[in-house]
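Going by our numbering, the residue at position 24 of the sequence shown is 1000; the numbering climbs one at a time, nothing skipped. Note that the Cβ used here is the ideal one computed from N, Cα and C, for glycine as well. What follows is a short report on a single structure.
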Amino acid sequence: MGDSYSSIIFYQSSFMKKRHEQKLIILSIGLMMAFSIPISLLFNSEKDVFGYPMILIYLFAVWMISIIISFVIVKKYDE
977 MGDSYSSIIF YQSSFMKKRH EQKLIILSIG LMMAFSIPIS LLFNSEKDVF
1027 GYPMILIYLF AVWMISIIIS FVIVKKYDE
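What follows is the structure, encoded as structure tokens:
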């Protein structure tokens, strides 16, 4: 009984690992699209936000959100 129980736990942990890897891959693909030139140039305007160009705010916001999302994904995997 103990052997089958440990194999179930191993299966669950490997399944969760694959799910988290998939989430990180999807995040990476989304970041490649968000940082691509055509999308980034949509925010290249004359408008300023708190004295900073709009494209700089966009790039920083996408970067910060990606860090937060990846932290949450990795933190859930660590549990």
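For P1029: DSSP bridge partner residues:
Working through the sequence shown from its first residue, we reach residue 1029 at position 53. D1024, per the DSSP bridge assignment.
If you reduce the DSSP assignment to three classes, tell me which class F1011 lands in.
In the sequence shown, the residue the question calls residue 1011 occupies position 35. F1011 falls in the coil class under three-state DSSP.
Taking DSSP as the reference, what is the three-state secondary structure of L1018?
Within the sequence shown, the letter at position 42 stands for residue 1018. Reduced to three states, the DSSP call for L1018 is coil.
Could you tell me whether the Cβ atoms of K999 and I1033 are closer together than 7 Å?
Start at 1 with the first residue of the sequence shown, and residue 999 comes out as number 23. Start at 1 with the first residue of the sequence shown, and residue 1033 comes out as number 57. No.
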